[in-house]
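**Student:**
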Amino acid sequence: MIDSYRIVIGCEIHCQLTTKTKAFCACENRYGGMPDTRVCPVCLGLPGAMPRISRGYVEMGIVAGTALNCAISRFAKFDRKHYFYPDLAKGYQITQYDIPLCKDGHVDLPYIKLPKQSQPGGELYWDKNFAGGDNNIDNMYKRVRVERIHLEEDVGKSLHLEGKYSYIDYNRCGTPLIEIVTKPDMNSPEEAALFMETVQEILRYVGVTNGNLEEGNMRCDANINLTVWEDGKEYHTPISEIKNLNSFRSIREACAYEAKRQLEEFMTDRQPFDPGYKNTMGWNEVEGKTVIQRTKNSFVDYRFVVEPDIKPFTLSEEFIAEHASKVGELPEQKRQRLKKDFGLSDFDVDTITSSRQLAEWFEKAASLSKDVKKTANLILAELLAVLNEKEQTVADLTITPEHIAQLSNAAAEGKITSKQVKEVFACMMETSKYPDDIIKEKGMVVVSDTSAIEGFVSQVLAENPKAIADYKSGKTNVVGWLMGQVMKKSGGKADPKMATSLLRTELEKL
263 MIDSYRIVIG
273 CEIHCQLTTK
283 TKAFCACENR
293 YGGMPDTRVC
303 PVCLGLPGAM
313 PRISRGYVEM
323 GIVAGTALNC
333 AISRFAKFDR
343 KHYFYPDLAK
353 GYQITQYDIP
363 LCKDGHVDLP
373 YIKLPKQSQP
383 GGELYWDKNF
393 AGGDNNIDNM
403 YKRVRVERIH
413 LEEDVGKSLH
423 LEGKYSYIDY
433 NRCGTPLIEI
443 VTKPDMNSPE
453 EAALFMETVQ
463 EILRYVGVTN
473 GNLEEGNMRC
483 DANINLTVWE
493 DGKEYHTPIS
503 EIKNLNSFRS
513 IREACAYEAK
523 RQLEEFMTDR
533 QPFDPGYKNT
543 MGWNEVEGKT
553 VIQRTKNSFV
563 DYRFVVEPDI
573 KPFTLSEEFI
583 AEHASKVGEL
593 PEQKRQRLKK
603 DFGLSDFDVD
613 TITSSRQLAE
623 WFEKAASLSK
633 DVKKTANLIL
643 AELLAVLNEK
653 EQTVADLTIT
663 PEHIAQLSNA
673 AAEGKITSKQ
683 VKEVFACMME
693 TSKYPDDIIK
703 EKGMVVVSDT
713 SAIEGFVSQV
723 LAENPKAIAD
733 YKSGKTNVVG
743 WLMGQVMKKS
753 GGKADPKMAT
763 SLLRTELEKL
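Its first residue numbered 263, the sequence shown is counted upward by one per residue in our numbering.
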């Protein structure tokens, strides 16, 4: 009888890099377009063609490895991985076998983002660098070890049309990839999906990939099996490698289904465990189940040899340091710092750090602001609404962080009312003028002189005896209407708080 079991998952993520050219030739590196129009003898593997390493390919590999906390190899080489597949033009793939560019890294998953029913055991730790101390669950993380990140080229794309014909588009051949290989440290389908989501966020943040799953920029192979305890003994089910999962949902659902399938197989048709043996599975999303494609016994099947057309090379300390320095502060660290420094909510920081450009734009505005919360609200509620409507990013803006800070400061200092803030914002977005100039041109400075506001209140009360009678009869909602008249009388310039206080004082006297 089964006592208990644990899901064990390791991921292999293939991620396309955003270099201008392909990995080993000068063909343009771009998604889509007319099939077979961005190819050359090198990426087609024609006889006599000689590959050359793209400098940007190695540079982005260093940035990615540093962002995932890896050690960078000073010596590197490429190898040939032999296998037959229709979209592999050369009959082998240029990759890195025993000496990857990056190794021994890790990715930390926020423990709180995992559903409670699937929150894992394993290596958990507290991040003490931020407010909250040892007992704050917001600062607890699950560490997933990254065994290696190696450079390799992508293959072409098979197209199966009408159920009758198969075509191959070789445009993707030679596209620069990194393959991120983890240790089997994940213990739930949700955790595997969160790992890929976190990696996508980090690599987008450092600018090495577009990370569009729907375009195949990132694809995940999930290696999954079970550790089962039965009658006090420990068993392991055969490993299944589920190939080419291209959405977070498919990772969750495929791993959940495969775990259930393996448990049923263990109970009904137990298979021996061999660490060198894998079942390669595909994910049928329509039917919601995994389907066996082939078996794989070992790396020997690939007949790895050193790539003879590309010389091994060394990387200087200066070269590595130059590109490692491009990483900067990563999203999770930035979120924690913004919460600590500015007291922003989880929602605020999650939105602000959704892109590196936006986060840096916000921080420039915040550094000039007297009320960071007002600045954040202007960006989140007003600016992003405009950008979303126009399908633009902050890179498309004609205003600067100083514009937003100046508007925020005007509101914080009581120079303009909340209604005027919206008016100034709209004018600022249309004309790119600075808020202080707009306020001056429109004569918008708030009236906070007590005698002036008392004059507006007296005029409104004298002109509206019916409203006063309604107030005396208990209809207190008339106060809001009277306030509207005071603001109208002042041309929208009266300080709302002062006006409300003076109006109530005069009404109490009647």
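From the three backbone atoms N, C-alpha and C, an ideal C-beta is built for every residue, glycine too. Since the model is a prediction, treat every value here as computed from it, not as a measurement.
Using C-beta distances below 7 Å, list every residue in its chain close to THR460, excluding the 5 sequence neighbours before and after it, in chain order.
**Tutor:** Contacts found: VAL369 and LEU371.
**Student:** In three-state DSSP terms, what is THR615?
**Tutor:** Note: THR615 maps to coil in three-state DSSP.
**Student:** For LYS215 and MET749, what's the separation of their Cα atoms in angstroms?
**Tutor:** Lying outside 263 to 772, the shown extent of the chain, residue 215 is not represented and no answer is given.
**Student:** Residue range of the alpha helix (DSSP H) that VAL686 falls in?
**Tutor:** Note, VAL686: alpha helix (DSSP H), 680–693.
**Student:** Taking PRO727 as part of the alpha helix (DSSP H), name the residues at either end of that continuous run.
**Tutor:** That run of the alpha helix (DSSP H) goes 727–734.
**Student:** Can you name, in chain order, every residue of its own chain whose Cβ lies under 7 Å from the Cβ of LYS596, other than the five neighbours on each side?
**Tutor:** Only THR615 and ALA621 meet the Cβ criterion.
**Student:** With which residues is ASP341 paired in a DSSP beta bridge?
**Tutor:** Answer by DSSP bridge pairing, in chain order: THR357 and VAL568.
**Student:** Taking the continuous beta strand (DSSP E) assigned at TYR497, which residues delimit it?
**Tutor:** Residues 495–498.
**Student:** Specify whether the region 301–320 and the region 508–515 touch according to this definition: at least 3 beta carbon pairs, one from each stretch, less than 8 Å apart.
**Tutor:** Flag = no, the region 301–320 and the region 508–515 do not touch.
**Student:** Give every residue of the same chain whose Cβ lies closer than 6 Å to the Cβ of ILE501, excluding the five residues on either side of it in the sequence, and list them in chain order.
**Tutor:** Result list for ILE501: ASN485, ASN487 and LYS540, in chain order.
**Student:** Do GLN278 and THR530 come within 8 Å of each other at the CB atom, strictly closer than that value?
**Tutor:** It is not a contact, given that the beta carbons lie outside the stated cut-off.
**Student:** Would you tell me roughly how many angstroms separate the C-alpha atoms of VAL301 and TYR293, rounded to the nearest one?
**Tutor:** Going from the Cα of VAL301 to the Cα of TYR293 covers about 13 Å.
**Student:** For the alpha helix (DSSP H) holding ASN485, just list the boundary residues, first then last.
**Tutor:** Unbroken run through ASN485 is the beta strand (DSSP E), 480–492; no alpha helix (DSSP H).
**Student:** ARG410 by DSSP, collapsed to three states: which one?
**Tutor:** Strand.
**Student:** Which residue from MET448, ILE440 and LYS419 puts its Cα closest to that of ARG405?
**Tutor:** It is MET448 whose Cα lies nearest to the Cα of ARG405.
**Student:** Could you name the residues of the same chain whose beta carbon sits closer than 6 Å to that of TYR497, not counting the 5 residues immediately before and after it, in chain order?
**Tutor:** VAL490, listed in sequence order.
**Student:** Cβ of LEU764 within 8 Å of Cβ of ILE730?
**Tutor:** No, these two residues do not count as a Cβ contact at 8 Å.
**Student:** Can you say whether LEU640 is buried or exposed, counting buried as having 16 or more other CB atoms within 10 angstroms of its CB?
**Tutor:** Looking at its Cβ environment, which holds 16 or more other Cβ atoms inside 10 Å, LEU640 is buried.
**Student:** What are the boundary residues of the alpha helix (DSSP H) that includes VAL369?
**Tutor:** Counting along the chain, VAL369 falls outside any alpha helix (DSSP H), though it belongs to the beta strand (DSSP E) covering 364–372.
**Student:** Tell me the DSSP bridge mates of LYS551?
**Tutor:** ASN546.
**Student:** Locate the beta strand (DSSP E) running through TYR427, then write down its first and last residues.
**Tutor:** Counting along the chain, the beta strand (DSSP E) containing TYR427 begins and ends at 427–431.
**Student:** Straight-line CA distance for ARG342 to TYR359?
**Tutor:** Taking the straight line joining both Cα atoms gives about 8 Å.
**Student:** With a 10 Å radius around its C-beta and 16 neighbouring C-beta atoms as the bar for buried, classify LEU465 as buried or exposed.
**Tutor:** It is buried - the Cβ of LEU465 has at least 16 other Cβ atoms within 10 Å.
**Student:** Can you name the start and end residues of the alpha helix (DSSP H) that VAL468 belongs to?
**Tutor:** No alpha helix (DSSP H) contains VAL468, which DSSP labels as neither H nor E.
**Student:** Could you spell out where the beta strand (DSSP E) holding ILE641 opens and where it closes?
**Tutor:** Careful: ILE641 lies outside any beta strand (DSSP E) and carries neither H nor E.
**Student:** If you draw a straight line from the alpha carbon of THR283 to that of ASN474, how long is it in whole angstroms?
**Tutor:** Each residue's Cα considered, the two are about 18 Å apart.
**Student:** Pull the bridge partners of GLN278 from the DSSP assignment, please.
**Tutor:** Paired residues: LEU439.
**Student:** Following the continuous alpha helix (DSSP H) through SER578, name the residue where it begins and the one where it ends.
**Tutor:** No alpha helix (DSSP H) contains SER578, which DSSP labels as neither H nor E.
**Student:** What are the partner residues of ILE269, as DSSP defines its beta bridges?
**Tutor:** DSSP lists LEU488 as partners of ILE269.
**Student:** Just to confirm the assignment, what range does the beta strand (DSSP E) spanning ASN506 have?
**Tutor:** Start and end: 501–507.
**Student:** Can you grab the Cα-Cα spacing for the pair SER450 / ILE374, in whole Å?
**Tutor:** Answer to the nearest angstrom: the Cα atoms are 14 Å apart.
**Student:** On a Cα-Cα basis, can you pick out the residue from ARG481, LYS652 and ARG410 that is closest to ALA333?
**Tutor:** Ranking ARG481, LYS652 and ARG410 by Cα distance to ALA333 puts ARG410 first.
**Student:** Hey, TYR467 and ARG599: beta-carbon distance below 8 Å or not?
**Tutor:** Cβ atoms of TYR467 and ARG599: not closer than 8 Å.
**Student:** Looking at the unbroken alpha helix (DSSP H) that takes in LYS419, where does it start and where does it end?
**Tutor:** Per DSSP, LYS419 belongs to no alpha helix (DSSP H); it is in the beta strand (DSSP E), 419–423.
**Student:** Taking the C-alpha atoms as reference points, what is the distance between LYS702 and GLN747?
**Tutor:** Approximately 24 Å, taken between the alpha carbons.
**Student:** Classify ILE271: buried if its beta carbon has 16 or more other beta carbons within 10 angstroms, exposed otherwise.
**Tutor:** ILE271 should be labelled buried.
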